Amino acid sequence: KLVNGYDLMKYAQTRNLVLPAFNTTNMEMTFAIAKGLNDAQLPGYIQISSNNLRLSDPETIVFLARKAAVKYDIPIGLHLDHGKSYADVKACVNAGFTSIMIDASHLLFEENIAAVKKAVQYCHFYDIPVEAELGAIGGKEDDMASESDCKTDPDMVLDFVERTGCDTLAVAVGNVHGLEAKPKIDISLLEKISKISPVPLVMHGGSGIPFDIIREAVKHNLIKINYGADLRRAFVTTFGQAYEKNNMETDIIDLSLSGVKNVAAVAENLVKTINDIPI
Ligand code: G3H
Ligand code: ZN
Numbered sequence: 002k003l004v005n006g007y008d009l010m011k012y013a014q015t016r017n018l019v020l021p022a023f024n025t026t027n028m029e030m031t032f033a034i035a036k037g038l039n040d041a042q043l044p045g046y047i048q049i050s051s052n053n054l055r056l057s058d059p060e061t062i063v064f065l066a067r068k069a070a071v072k073y074d075i076p077i078g079l080h081l082d083h084g085k086s087y088a089d090v091k092a093c094v095n096a097g098f099t100s101i102m103i104d105a106s107h108l109l110f111e112e113n114i115a116a117v118k119k120a121v122q123y124c125h126f127y128d129i130p131v132e133a134e135l136g137a138i139g140g141k142e143d144d145m146a147s148e149s150d151c152k153t154d155p156d157m158v159l160d161f162v163e164r165t166g167c168d169t170l171a172v173a174v175g176n177v178h179g180l181e182a183k184p185k186i187d188i189s190l191l192e193k194i195s196k197i198s199p200v201p202l203v204m205h206g207g208s209g210i211p212f213d214i215i216r217e218a219v220k221h222n223l224i225k226i227n228y229g230a231d232l233r234r235a236f237v238t239t240f241g242q243a244y245e246k247n248n249m250e251t252d253i254i255d256l257s258l259s260g261v262k263n264v265a266a267v268a269e270n271l272v273k274t275i276n277d278i279p280i
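So the UniProt record's numbering is basically just the index in the sequence shown, starting at one, shifted up by 1.
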């Protein structure tokens, strides 16, 4: 069932669970993510980045996510990932998203604070939690690329969280977006930030982070880990392999169904692994 973001976090915290947030793009990915979570019988998020709203608008994604989640008993949140404007934040809250990220991390510190504060005011009125980001995560995701990967400065964390009122904090600790750059997670920096931050932390760029590092990372007040590229690759590979075998292949229905199955299996494995449950 689709649930409010605060309820989802409470559900995870009382059971000592880490929540995966899987990026969707379209109907098949949305259905696959919900299926993967249900197959694992573990909670998590379906999320879509502001960039992807170009393909699927907020109302469509809410419709699909509700449809995907309604048949399952586990709690699932619908999250705006890397919300790039106040307009996107409002559109997603109004459409029925249950959790929001505003990403103003590319701005100067004070401007980042102002943007997050504004989003928080809007979201909190509707009882929707807000994730914000401090520091710059490297790598490339969709058309969003960061040249610099400036790590989160622990000395700025308390001031940032207190003044913005954000509910979770996305950190840059050597994590990178996409599969091209290699992550190099600085666990001691993560630990330092976790001791200072009054709110739980979020790790972006989950794809490609070795599982032994994830197991270390989750000890430091991580509530949410984002996975995008791993799932997209599972979907695209399904089509690519079929085309390589037969370049006259046009059976989009069977291929899409296989894609859903393959993406669901990846999501199921990831949510189990980050919660240390044998696959
Ligand atoms: O916001 C989305 C994520 O941080 C996904 O990163 O594609 O490297 O798993 P990833
Ligand atoms: Zn991200």
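Ideal Cβ placement from N, Cα and C applies to all residues, glycine included. Only a predicted model underlies this, so the values are computations on that prediction, with no experimental measurement involved.
In whole angstroms, what is the alpha-carbon distance linking I75 and K2? In the sequence shown, residue 75 corresponds to position 74, counting from 1. In the sequence shown, residue 2 corresponds to position 1, counting from 1. For I75 and K2, the distance between alpha carbons rounds to 6 Å.
How long is the line joining the alpha carbons of R16 and M249, rounded to whole angstroms? Mapped onto the sequence shown, residue 16 falls at position 15. Mapped onto the sequence shown, residue 249 falls at position 248. One C-alpha to the other measures close to 49 Å.
Might you give, ordered along the chain, the residues of its own chain that have their beta carbon closer than 7 Å to the beta carbon of M28, omitting 5 neighbours on each side? On the sequence shown, position 27 is the one that residue 28 refers to. Closer than 7 Å at Cβ, skipping near neighbours: L65.
Which residue or residues does DSSP assign as beta-bridge partners of T239? If you number the sequence shown from 1, residue 239 lands on position 238. The secondary-structure analysis by DSSP pairs T239 with nothing; it has no beta-bridge partner.
Quick check: the stretch 153 to 166 against the stretch 176 to 186, are there 3 or more CB pairs under 8 Å? no
Quick check: is any heavy atom of the ligand ZN less than 7 Å from the C-beta of G206? Mapped onto the sequence shown, residue 206 falls at position 205. A heavy atom of the ligand ZN is found nearer than 7 Å to the CB of G206.
Given 8 Å, three or more beta-carbon pairs between the stretch 87 to 98 and the stretch 159 to 174: no
Would you list the residues sitting across from L135 in a DSSP beta bridge? Indexing the sequence shown from 1 puts residue 135 at position 134. In DSSP, L135 forms a bridge with V172.
Please classify F32: is it buried, with 16 or more other beta-carbons within 10 angstroms of its beta-carbon, or exposed? The residue labelled residue 32 in the question sits at position 31 within the sequence shown. Under this definition F32 is a buried residue.
State the Cα-Cα distance for the pair I224 and S100, rounded to the nearest angstrom. For the purposes of this step, residue 224 is taken as the residue at position 223 of the sequence shown. For the purposes of this step, residue 100 is taken as the residue at position 99 of the sequence shown. Taking the straight line joining both Cα atoms gives about 13 Å.
Taking all protein chains shown into account, decide if L190 is buried (16 or more other Cβ within 10 angstroms of its Cβ) or exposed. Translated into the one-based positions of the sequence shown, residue 190 becomes position 189. L190 should be labelled buried.
I'd like to confirm something about S50: is its beta-carbon nearer than 7 Å to some heavy atom of the ligand HEM, or not? The ligand content of the structure shown is limited to the ligand G3H and the ligand ZN, which means the ligand HEM is not among them.
So G45 packs on V272, CB below 8 Å; how close in whole Å? As a first step, residue 45 must be located in the sequence shown, where it is residue number 44. As a first step, residue 272 must be located in the sequence shown, where it is residue number 271. 6 Å between Cβ atoms; contact.
Compare the C-alpha of V63 against each of A266, Y73 and L81 and name the closest. For the purposes of this step, residue 63 is identified with residue 62 of the sequence shown, where counting begins at 1. Ranking the options by Cα distance to V63, first place goes to L81.
When A69, V200, I197 and L258 are compared against I34, the one with the closest alpha-carbon: As a position in the sequence shown, residue 34 is number 33, starting the count at 1. Of the candidates A69, V200, I197 and L258, the one whose C-alpha sits nearest the C-alpha of I34 is A69.
In this structure, does DSSP put residue 281 in helix, strand or coil? Residue 281 cannot be examined here, being either before or after the span of the chain that is shown, 2 to 280.
Okay, do the stretch 233 to 243 and the stretch 251 to 264 touch, 3+ Cβ pairs below 8 Å being the bar? yes
Spatial neighbours of L232 in its chain, beta-carbon cut-off 6 Å, leaving aside the 5 residues before and after: Here residue 232 refers to the residue found at position 231 when the sequence shown is read from its first residue. Non-local beta-carbon contacts of L232 in its own chain, meaning distances under 6 Å to residues more than five positions away in sequence, involve F23, V264 and V267 in chain order.
Distance cut-off 7 Å: A133 Cβ against heavy atoms of the ligand G3H: Along the sequence shown, read from residue 1 onward, the residue named residue 133 stands at position 132. Not under cutoff, so the answer is no.
C-beta contact flag for I186 and G207 at 8 Å: Position 185 of the sequence shown holds residue 186. Position 206 of the sequence shown holds residue 207. Against a cut-off of 8 Å, the Cβ pair of G207 and I186 comes out as no contact.
Do you know how far the Cα of K246 is from the Cα of I253? Within the sequence shown, numbered from 1, the residue matching residue 253 stands at position 252. Within the sequence shown, numbered from 1, the residue matching residue 246 stands at position 245. If you take the alpha carbons of I253 and K246, they lie about 15 Å apart.
Using 8 Å for Cβ pairs, my map puts I210 next to P184. What's the rounded Cβ distance? Start at 1 with the first residue of the sequence shown, and residue 210 comes out as number 209. Start at 1 with the first residue of the sequence shown, and residue 184 comes out as number 183. With a Cβ gap of about 5 Å, I210 and P184 count as contacting.
Taking H221 as the reference, which of L18, Y12 and N5 has the closest Cα? Locating residue 221 in the sequence shown gives position 220, where the first residue counts as 1. The option with the nearest alpha carbon to H221 is L18.
Fully enclosed by the stretch 49 to 126, which beta strand (DSSP E) runs are 3 residues long or longer? You should have 77 to 84 and 100 to 103.
Closer than 7 Å by C-beta to H205: which residues in its own chain qualify, once you throw out the five before and the five after it? Chain order, please. In the sequence shown, residue 205 corresponds to position 204, counting from 1. I138, A171, N176, H178 and N227, listed in sequence order.
For I278, three-class secondary structure by DSSP: On the sequence shown, position 277 is the one that residue 278 refers to. DSSP places I278 in coil when its eight states are reduced to three.
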